[in-house]
Each structure stands twice: as C-alpha cells, then as structure tokens.
Amino acid sequence: MRSRDGVVSTPARRWRSSLLDHHQGPARRWRSSLLDHHQGPARRWRSSLLDHPQGPAQRVVVALAIVGTLALSGCGGEDDEQTLTVLAAASLTETFTALAEEFEAEHTGVTVRLAFDSSATLAQQALEGAPADVLATADERTMDLAREALATEPRTFASNSLVLVAPADGRAEVDGFDDVASGRASYVACVPTAPCGALWVALAADQQVDAQPVSLEVDVKAVLAKVVADEADAGVVYATDAVSAGPAVATLAIPGADAFTTTYPAAVLDQAREPGLAEEFVELLLSEVGRDVLDAAGFALP
Numbered sequence: 226m227r228s229r230d231g232v233v234s235t236p237a238r239r240w241r242s243s244l245l246d247h248h249q250g251p252a253r254r255w256r257s258s259l260l261d262h263h264q265g266p267a268r269r270w271r272s273s274l275l276d277h278p279q280g281p282a283q284r285v286v287v288a289l290a291i292v293g294t295l296a297l298s299g300c301g302g303e304d305d306e307q308t309l310t311v312l313a314a315a316s317l318t319e320t321f322t323a324l325a326e327e328f329e330a331e332h333t334g335v336t337v338r339l340a341f342d343s344s345a346t347l348a349q350q351a352l353e354g355a356p357a358d359v360l361a362t363a364d365e366r367t368m369d370l371a372r373e374a375l376a377t378e379p380r381t382f383a384s385n386s387l388v389l390v391a392p393a394d395g396r397a398e399v400d401g402f403d404d405v406a407s408g409r410a411s412y413v414a415c416v417p418t419a420p421c422g423a424l425w426v427a428l429a430a431d432q433q434v435d436a437q438p439v440s441l442e443v444d445v446k447a448v449l450a451k452v453v454a455d456e457a458d459a460g461v462v463y464a465t466d467a468v469s470a471g472p473a474v475a476t477l478a479i480p481g482a483d484a485f486t487t488t489y490p491a492a493v494l495d496q497a498r499e500p501g502l503a504e505e506f507v508e509l510l511l512s513e514v515g516r517d518v519l520d521a522a523g524f525a526l527p
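Going by the numbering used here, the sequence shown wraps up at 527, each residue one higher than the last.
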C-alpha cells in the first residue's frame, strides 16, 4: 500500500446529504443538501452554516436538518448494531472512506458514517453538539476551536503541504508557479477560514504573490473541482488532492511550500455515543494500517 497510486482513482465528486437516510455499501458518507445522491460504497454529507457556490451547483443551508438527520440515524435498528459518526476535513475524503471500510470489516455490526466539510464548519458543529463521535481536522487551529467539545486530547496522525494543479491536457497553458504569481493565469484557492486557505495566505505572503484568486472555495475539494471542470486555469490544493485527481490534473510545485505544512489532529467528542469505538477509530489512524493508507494517499506521517 506504499504505492502513491494505491488509494484513490477519481477526483472527488461533490455530494449533498438529504433529510432521509439511504443505505449505500459498507460505509456511508454524508453531505448536507435537500437531496441525497449515491456515490460508490460510502455516503458523504456536507454541511455549512453558509451557502457556498460550487461550480454549476450550489450547496444549500440546512444546518438544523443536519443535526436532525444525524439524531434520527442513531435511533431504531437492531440492538446489536452500532453507528460511529466521524466528522472529517474534506481533504481526508479518500483516506477516511478506505479506513471506514477497514474499520467496519474489523467490527461486525458497526456502521461508520463519515461527514466531510471544511474543518472550521465541522468544529462549529461539534461545539453545537452535533451527534458525532470523532472529529478530525486539517489543522490544529480549527481543532482548538472545538476544544470545549473534546473528550480526549487531539492526536496528530498526518501532515500535508500545498501544490498547484492545472488541467492535465494543457489547455490552460500553465507551465509553472510563475504563471499564477504574475497574474497571467487565473487560479482558485480556499477561503482563509479553511486550513487550506490559511496556509495559502501565509505561503503567498512569503512568496510575495500579489495576484488574487478569481474565486475562494469553501474547501480544497471545491478548488479541485473548479480546475477539473475548466472553470479556472489553476488551483491551490493539498499534495494529497493532486494525488487523488490522478491523470485529470498536472501537478506543479510551489516554491517554499515545504516550509508551510499543516498537521491533522483527531479526537473523541464529548457527545460521543460510542466513545469506545471512537477511541478505536483514532487508534486506527495511528496504526500501521492507517499509516499505510495515509502514506499511499500522499500524506506525510508524524
């Protein structure tokens, strides 16, 4: 599993969760919306307190519906069935999907629900008591925002850095970082409140980049989607997102990026309904299996 080609095969597709619960394979990922769409073996829900445009579609504000849906999902079912809900940064989509399936395979009767969004949004949901068991963010700052909702000390399981991606077919004619820094090529980046955006603000200042992004996206997956959809010449994403996009993008180095990395902590939440399982999931991230999956996806390991 050490191969860089091992975990993911397609760029992440944007999903939205519904007010209804649909079964979809061994693990389920949710994203918030008024409609539920199926994607592969797991379901993702996305939530936000704000409505952010993303390509041709827009995410709808249903913060209350998210909490209601998750609360209902914990009710009913067989007595021997357990559900573990994990709030995770969008950049963890591919790795946590694989690890959720691994966890379910090792825990008979356990279903893992994965909720992917911007770390800041997830931290706020955790503080507001969203019924979840684990929180995993893309930097320590957003984890600290949720400090009052944590039952355990956060544990660092991975780190990441930024790269530039452009359409692989060369239609944008972006040959290097200078094309973006000079303003010759348009680019998109994350909002500054997201870890990927905060990291870019610091790196851009260090590299004296004056050119402004043509749009700011809620998380790194939205940035990647803009580039793949040919809605920008380039995008600033994590190295792992470039790996997940595969042949759809060309990856270009950003000078000085190695000095600006972000670390990923995970912790059990106070409101965890399955604190024992939650601790086991965090342990999985730090195990040899977890490290193999993270390494193959392009993450640096602690």
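Even glycine gets a Cβ: it sits at the ideal position worked out from N, Cα and C.
Query: Give a yes or no on contact between the segment 366–379 and the segment 512–525, applying the rule of three or more CB pairs nearer than 8 Å.; Result: no
Query: Around the Cβ of residue 261, are there at least 16 other Cβ atoms within 10 angstroms (buried) or fewer (exposed)?; Result: Low confidence applies to residue 261: its pLDDT is 36, below 50, so where it sits in the model is not reliable enough to give any reading.
Query: Looking at the unbroken alpha helix (DSSP H) that takes in residue 506, where does it start and where does it end?; Result: 500–511
Query: Going straight from the alpha carbon of residue 523 to that of residue 392, what length do you get?; Result: 20 Å
Query: Start and end of the beta strand (DSSP E) containing residue 341?; Result: 335–342
Query: Based on Cα-Cα distance, which residue from 463, 413, 487 lies nearest to residue 478?; Result: 463
Query: According to DSSP, which residues form a beta bridge with residue 415?; Result: 442
Query: For residue 485, I'd like the list of residues in its chain whose CB is within less than 6 Å of its CB, leaving aside the five on either flank, ordered along the chain.; Result: 424, 427, 428
Query: The beta strand (DSSP E) that contains residue 324, what's its start and end?; Result: Segment 318–331 is the alpha helix (DSSP H) holding residue 324; no beta strand (DSSP E) there.
Query: Excluding the 5 residues flanking residue 315 on each side, which residues of the same chain have their C-beta closer than 7 Å to its C-beta?; Result: 341, 342, 343, 444, 445, 446
Query: Find the nearest neighbour of residue 365 within the set 348, 434, 451, 338, judged by alpha-carbon distance.; Result: 348
Query: In terms of alpha-carbon separation, which member of 311, 307, 497, 318 lies closest to residue 470?; Result: 318
Query: Measuring only the C-alpha atoms, how far is residue 420 from residue 441?; Result: 13 Å
Query: Report the three-state DSSP secondary structure of residue 473 (helix, strand or coil).; Result: helix
Query: Taking 8 Å as the cut-off, does the segment 402–417 touch the segment 450–469 (at least 3 CB pairs, one atom from each stretch)?; Result: yes
Query: Would residue 430 be called buried (16 or more neighbouring beta carbons within 10 Å of its own) or exposed?; Result: exposed
Query: Please go through the same chain and pick out, in chain order, the residues whose beta-carbon is closer than 8 Å to the beta-carbon of residue 480, but skip the five residues on each side of it.; Result: 402, 432
Query: Quick one: is residue 437 buried, meaning 16 or more other Cβ sit within 10 Å of its Cβ, or exposed?; Result: exposed
Query: Enumerated in chain order, which unbroken segments of the alpha helix (DSSP H) with a length of 4 residues or greater are wholly contained in the segment 372–407?; Result: 402–406
Query: Using the Cα positions of residue 308 and residue 395, report the straight-line distance between them to the nearest angstrom.; Result: 45 Å
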